[in-house]
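Colleague: Residue numbers for the sequence shown, in the numbering used here: 373 to 749. Beta carbons: idealized from backbone N, C-alpha and C, even for Gly.
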Amino acid sequence: MKKNAILSICIIAITIVLASFMEWDAIGVEEDLYFSTDLTLKELARRNGVPAKEILHILSHEDMTAWDLPLDVPIKNLDIDAAKIEHALEHIMEEDRPIVNVLKYVLWAIWISLVLNVVLSLKNIKRFRIVILLLTVLVFGVLLGATPNPMESIVKLFKVFNNMEGDPKAVIVSFILFSLFSVVGSKMLCSWGCQLGTLQESIFNIPIFKKKYKFQLPFVVSLSIRLSLFILFLLLLFGVGVGIKNFVIYHHVNYFKIYNVHDLAVFALYSSPIFVLASLFIYRPFCQFICPFGLYSWLLENVAINKIKIIEDKCTKCQKCVEICPTQAMKGIYEKKRRYFLPDCWSCGACIEVCPTNAIKYGYNEELARDNKIRSG
Ligand code: SF4
Ligand code: SF4
373 MKKNAILSIC
383 IIAITIVLAS
393 FMEWDAIGVE
403 EDLYFSTDLT
413 LKELARRNGV
423 PAKEILHILS
433 HEDMTAWDLP
443 LDVPIKNLDI
453 DAAKIEHALE
463 HIMEEDRPIV
473 NVLKYVLWAI
483 WISLVLNVVL
493 SLKNIKRFRI
503 VILLLTVLVF
513 GVLLGATPNP
523 MESIVKLFKV
533 FNNMEGDPKA
543 VIVSFILFSL
553 FSVVGSKMLC
563 SWGCQLGTLQ
573 ESIFNIPIFK
583 KKYKFQLPFV
593 VSLSIRLSLF
603 ILFLLLLFGV
613 GVGIKNFVIY
623 HHVNYFKIYN
633 VHDLAVFALY
643 SSPIFVLASL
653 FIYRPFCQFI
663 CPFGLYSWLL
673 ENVAINKIKI
683 IEDKCTKCQK
693 CVEICPTQAM
703 KGIYEKKRRY
713 FLPDCWSCGA
723 CIEVCPTNAI
733 KYGYNEELAR
743 DNKIRSG
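Pasting the structure below:
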């Protein structure tokens, strides 16, 4: 059996075990929301098994002064509409859908295994890709919803450190699973499985504008913006040197919530036309400029087991791969200026298909060790 087939079986098995472990306590338990204005916020949180800080966090989306609400005063005596507190609690508990979450992780593992073992070896990857992108939008977005998603695996991890998440076990397992997917297949999950990444690329593929109107910004620009935003996120979350604390900046640009539109933050709602417009002209603008998981998986690309590589003996230097690449990834691999920290490769497979001599492979990187005639990211 091929190495990637064995690897895929292992990944699916690990995902089933970890995802079930993550949600084990919750499966089969009907968690009814309990609400009474006689309770204090602290009591309400304890009674429903969520951190009080998470309730304040949801309330703060509308009004930052919510962080000043006293936790030991009965809700009926607080200077806030009790219905808002009940709604915040509903929101937190709605996101907890154990069966759906387990199903989604396992489906993701199967999905990327199929791409790794079957789709990337097909002759006409592009045609299949368009169909798979739309299927991903439909299955992982429209049907299975905005959460869980790779971006939140990063954001929630830091919220755990700030005591703002109710279920650290679920957050840590989610982070491990998404990391595992990326170590196995570089940006395979982002490319073929992320509900928001595939939505952006589907918009990008709409043939309204010719290729000459689509543009790439230098990688150093996109990386700087993505990194700066991440640093700002940390400063605002932990309140370091900015006078604000517990502020989750990614919440306000969380376009994943397009799939649960009633949860979309006000800023994200009003800026969503810009998101759509930008996606028409720029390849995956959210992924390249905003997403913290994009940043993290870019780092993981350096240690990924499978990635794009050029077999030098077969390469005729026609550079068709560089032309077709939607980002500067192939330019980086082709020019071979450095081996690490190249521009993000979105594992789209376009370069594999366009190469007239089959010189590009998506595969096991251990070959690098025994064949130095391979150029790889
Ligand atoms: S980088 Fe893009 S594809 Fe990857 S998790 Fe973020 S939104 Fe999804
Ligand atoms: S190098 Fe470019 S074209 Fe090739 S898989 Fe990566 S992003 Fe796609």
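(1) For Phe658, which residues of its own chain have a beta-carbon under 7 Å away from its beta-carbon, when the five flanking residues on both sides are left out?
(2) From Phe512 to Asn449, what distance separates their C-alpha atoms?
(3) Among Ala676, Ile578 and Asp453, which has the Cα closest to the Cα of Leu561?
(4) Please report how far the alpha carbon of Arg710 lies from the alpha carbon of Gly704, in whole angstroms.
(5) What first and last residue would you give for the beta strand (DSSP E) that runs through Asn678?
(6) Return yes when the C-beta of Arg418 is under 7 Å from any heavy atom of ligand 3, and no when it is not.
(7) Under 8 Å, do Leu652 and Ile580 count as touching if we go by C-beta distance?
(8) Who are the Cβ neighbours of Ser574 in its own chain at under 7 Å, not counting the five residues just before and after it?
(9) Check whether the stretch 721-731 and the stretch 476-483 are in contact - that is, three or more C-beta pairs closer than 8 Å.
(10) Is the number of C-beta pairs between the stretch 538-552 and the stretch 590-606 that are closer than 8 Å three or more?
(11) DSSP on Pro522, reduced to helix/strand/coil?
(12) Tell me, to the nearest whole angstrom, how far the beta carbon of Val620 is from that of Gly538; I am working on the premise that it is less than 8 Å.
(13) Say whether the stretch 444-464 touches the stretch 411-428, bearing in mind that this needs 3 or more beta-carbon pairs closer than 8 Å, one atom from each stretch.
(14) Terminal residues of the continuous beta strand (DSSP E) containing Gly735?
(15) Which residues bound the alpha helix (DSSP H) around Ala438?
(16) Any heavy atom of ligand 2 inside 7 Å of the beta-carbon of Thr699?
(17) Alpha helix (DSSP H) containing Pro470: first to last residue?
(18) Which residue or residues does DSSP assign as beta-bridge partners of Thr412?
(19) Report the three-state DSSP secondary structure of Ser644 (helix, strand or coil).
(20) Which first and last residues belong to the alpha helix (DSSP H) in which Ile544 is found?
(21) Can you tell me whether DSSP reads Gln691 as helix, strand or coil?
(22) Can you grab the Cα-Cα spacing for the pair Met465 / Ile430, in whole Å?
(23) Looking at Asp674: is its Cβ nearer than 8 Å to the Cβ of Tyr736?
(24) For Ser558 versus Cys717, is the C-beta spacing smaller than 8 Å?
(25) What's the gap between the Cα of Leu609 and the Cα of Asn534?
(26) If you draw a straight line from the alpha carbon of Ser525 to that of Lys583, how long is it in whole angstroms?
(27) In three-state terms, what does DSSP make of Ala741?
(28) For the alpha helix (DSSP H) that Tyr706 lies in, which residues bound it at each end?
(29) Leaving out the 5 sequence neighbours to the left and right, which residues in its chain are closer than 6 Å to Asn521 when beta-carbon positions are compared?
(30) Give the range of the alpha helix (DSSP H) segment to which Pro750 is assigned.
(31) Quick one: is Ala438 buried, meaning 16 or more other Cβ sit within 10 Å of its Cβ, or exposed?
Modeller: Working from what's here:
(1) Along the sequence shown, read from residue 1 onward, the residue named residue 658 stands at position 286. Excluding positions up to five away in sequence, the list reads Leu568, Gln572, Tyr627 and Phe647.
(2) Within the sequence shown, residue 512 is the residue found at index 140, counting from 1. Within the sequence shown, residue 449 is the residue found at index 77, counting from 1. Using only the alpha carbons, I get a separation of about 42 Å.
(3) For the purposes of this step, residue 561 is taken as the residue at position 189 of the sequence shown. Leu561 has its Cα closest to that of Ala676, out of Ala676, Ile578 and Asp453.
(4) Along the sequence shown, read from residue 1 onward, the residue named residue 710 stands at position 338. Along the sequence shown, read from residue 1 onward, the residue named residue 704 stands at position 332. Looking at the two C-alpha atoms, the distance is approximately 8 Å.
(5) Your numbering for residue 678 matches position 306 in the sequence shown. That run of the beta strand (DSSP E) goes Asn678 to Ile683.
(6) Questions concerning ligand 3 fall outside what the structure shown contains, since the ligands it does hold are ligand 1 and ligand 2.
(7) As a position in the sequence shown, residue 652 is number 280, starting the count at 1. As a position in the sequence shown, residue 580 is number 208, starting the count at 1. Cβ atoms of Leu652 and Ile580: closer than 8 Å.
(8) Taking the sequence shown and counting its residues from 1, the one referred to as residue 574 is at position 202. The answer, listed in chain order, is Leu505, Leu506 and Val509.
(9) no
(10) no
(11) Sequence index remark: in the sequence shown, residue 522 carries index 150 (1-based). It is helical.
(12) Start at 1 with the first residue of the sequence shown, and residue 620 comes out as number 248. Start at 1 with the first residue of the sequence shown, and residue 538 comes out as number 166. Rounded to whole angstroms, the Cβ separation of Val620 and Gly538 is 15 Å, and the two are not in contact under 8 Å.
(13) yes
(14) Walking along the sequence shown from the start, residue 735 turns up at place 363. DSSP places Gly735 inside the beta strand (DSSP E), whose first and last residues are Ile732 to Tyr736.
(15) For this step, residue 438 is matched to residue 66 along the sequence shown. Looking at the DSSP string, Ala438 is not in any alpha helix (DSSP H), and its letter there is neither H nor E.
(16) Taking the sequence shown and counting its residues from 1, the one referred to as residue 699 is at position 327. It does: the Cβ of Thr699 is within 7 Å (strictly closer) of some heavy atom of ligand 2.
(17) Taking the first residue of the sequence shown as 1, we reach residue 470 at position 98. Residues Pro470 to Asn489.
(18) Locating residue 412 in the sequence shown gives position 40, counting from the first residue. According to DSSP, which records beta bridges pairwise, Thr412 is partnered with Pro446.
(19) Within the sequence shown, the letter at position 272 stands for residue 644. Three-state DSSP puts Ser644 in a helix.
(20) Here residue 544 refers to the residue found at position 172 when the sequence shown is read from its first residue. First-last of the alpha helix (DSSP H) with Ile544: Pro540 to Gly557.
(21) For this step, residue 691 is matched to residue 319 along the sequence shown. Three-state DSSP puts Gln691 in coil, outside helix and strand.
(22) Residue 465 sits at position 93 when you count from the first residue of the sequence shown. Residue 430 sits at position 58 when you count from the first residue of the sequence shown. Approximately 12 Å, taken between the alpha carbons.
(23) Along the sequence shown, read from residue 1 onward, the residue named residue 674 stands at position 302. Along the sequence shown, read from residue 1 onward, the residue named residue 736 stands at position 364. According to the sequence shown, residue 674 is Asn rather than Asp. Against a cut-off of 8 Å, the Cβ pair of Tyr736 and Asn674 comes out as no contact.
(24) Residue 558 sits at position 186 when you count from the first residue of the sequence shown. Residue 717 sits at position 345 when you count from the first residue of the sequence shown. Yes, the Cβ-Cβ distance between Ser558 and Cys717 is below 8 Å.
(25) Counted from its first residue, the sequence shown places residue 609 at position 237. Counted from its first residue, the sequence shown places residue 534 at position 162. Rounded to whole angstroms, Leu609 to Asn534 spans 8 Å at the Cα level.
(26) Sequence index remark: in the sequence shown, residue 525 carries index 153 (1-based). Sequence index remark: in the sequence shown, residue 583 carries index 211 (1-based). Ser525 and Lys583: Cα-Cα distance of roughly 34 Å.
(27) Locating residue 741 in the sequence shown gives position 369, where the first residue counts as 1. Low per-residue confidence applies at Ala741: pLDDT is 46, beneath 50, and the placement is therefore not dependable, though the value from the model is reported in the following sentence. Ala741: helix per DSSP, three-state reduction.
(28) Counting from 1 along the sequence shown, the entry for residue 706 is found at position 334. That run of the alpha helix (DSSP H) goes Ala701 to Glu707.
(29) Reading the sequence shown from its first residue, position 149 is the one you call residue 521. Excluding positions up to five away in sequence, the list reads Phe628.
(30) No information on residue 750 is available, as it lies outside the stretch 373 to 749 that the chain covers here.
(31) The count along the sequence shown starts at 1 and reaches residue 438 at position 66. Under this definition Ala438 is a buried residue.
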